[in-house]
Amino acid sequence: MLTVDLNCDMGEGFGPWPMGNDAALMQYITSANIACGFHAGDAIIMRETVRLALKHHIAIGAHPGFPDLQGFGRREIKMSPDEVFAITLYQIGALEAIVRAEGGVLHHVKPHGALYNMAAKDRKLADAIARATQQAGPGLVLYGLSGSALVDAGLAIGLHTASEVFADRTYQDDGSLTSRNQPNALITDSAQAVSQALQMIKNQHITSASGKNINLVAETICLHGDGAHALEFAVAIHAAFRDAGIAMKAP
26 MLTVDLNCDM GEGFGPWPMG NDAALMQYIT SANIACGFHA GDAIIMRETV
76 RLALKHHIAI GAHPGFPDLQ GFGRREIKMS PDEVFAITLY QIGALEAIVR
126 AEGGVLHHVK PHGALYNMAA KDRKLADAIA RATQQAGPGL VLYGLSGSAL
176 VDAGLAIGLH TASEVFADRT YQDDGSLTSR NQPNALITDS AQAVSQALQM
226 IKNQHITSAS GKNINLVAET ICLHGDGAHA LEFAVAIHAA FRDAGIAMKA
276 P
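Numbering (this note's numbering) for the sequence shown: 26 to 276.
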């Protein structure tokens, strides 16, 4: 039987709780990547999102990003590998303390936005993130773009990694995600998101924006919790996986 993790970026808001679709989304996912305050979220939102995840028995991951609240962590910031190591370790530590205080165990680390995309190609940044994940505590899984330098960096130092693919984004011929600056970067049609998700999980390949088939490893599939169609996609993909006999569980 095929098995896949359905993960979602969460806790990416500000102000009074609750916010967005996080509570509803928890019913359909198997792991949650919780913002750690640098690109979104704050201590209260982190704690409440952790509580929700524990209530629904969802694997909890740290979602560290660049210190860029105004740009939501999606703007590239030039930092040395040592700086990236430090900010990643800091954010993992903050969320891990909250998870432990609430009686849970931190499961994984998945970088956010520009940090994620830069580490997918820059091995020195990838090594820094992998090292921070390793030193933050034993057993943490490192989530990274399938076929990326980040996955390679994690494997090189003995981390358990999860190769990630996306249901709500289009791909380029080199296996990278289409830049959000491009008009076709986001998938907004539920049927297209379901079709892409099933293709990636069942066939282990993706059709790029230009029509090229690209082989990939699909162990965890992401939905962006802040997306306008996040809940609609989660419901549809969860049902499609169930109907196709694809089991859903965290790595």
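Where is the CB? At the ideal position from N, CA and C, for every residue including glycine. Quantities reported herein were computed from a predicted structural model and do not represent experimental measurements.
Report the rounded CA-to-CA distance for Gln160 versus Ala222, giving the unit in angstroms.
33 Å
Three-state secondary structure (DSSP) at Met35?
strand
Three-state class that DSSP yields for Asn142 in the structure shown
helix
Short check: CB of Leu79 to CB of Gly128, under 8 Å?
For Leu79 and Gly128, yes; Cβs fall inside 8 Å.
Just how far apart, CA to CA, sit Lys146 and Ala174?
5 Å
So, with DSSP's three-state summary, where would you put Ala269?
coil
For Leu131, report the span of its beta strand (DSSP E) as first-last.
Taken as a continuous stretch (DSSP letters only), the beta strand (DSSP E) holding Leu131 covers Leu131 to Val134.
Mind the definition here: the region 120-134 touches the region 84-96 only if three or more C-beta pairs lie below 8 Å; say whether that holds.
By the criterion of at least three beta-carbon pairs nearer than 8 Å, the region 120-134 is in contact with the region 84-96.
Decide yes or no for the touch test of the region 258-270 against the region 56-70: beta carbon pairs closer than 8 Å, at least 3 of them.
no
Span of the alpha helix (DSSP H) around Ala161:
Arg148 to Ala161
Own chain, CB closer than 8 Å to Gly98, minus 5 neighbours either side, in chain order
Phe63, His64, Ala65, Gly90, Phe91, His137, Gly138, Ala139 and Leu140
Excluding the five sequence neighbours on either side, which residues of its own chain have a C-beta within less than 7 Å of the C-beta of Gln2, listed in chain order?
Residue 2 is absent from the model: the chain starts at 26 and stops at 276.
Distance CB(Gly179)-CB(Ala155) smaller than 8 Å:
yes
The beta strand (DSSP E) spanning Tyr168 covers which residue range?
Val166 to Leu170
Might you give, ordered along the chain, the residues of its own chain that have their beta carbon closer than 8 Å to the beta carbon of His121, omitting 5 neighbours on each side?
First, the residue type needs correcting, since residue 121 is Glu and not His in the sequence shown. Correct list, in chain order: Ala87, Leu131, Ala161 and Gly162.
Give me the Cα-Cα distance between Gln95 and Ile70, rounded to the nearest whole angstrom.
Distance between the alpha carbons of Gln95 and Ile70: 18 Å.
Met143 classed as buried or exposed, judged by whether at least 16 other C-beta atoms fall within 10 angstroms
buried
What is the residue span of the beta strand (DSSP E) that Thr232 lies within?
Looking at the DSSP string, the run of the beta strand (DSSP E) that includes Thr232 is His230 to Thr232.
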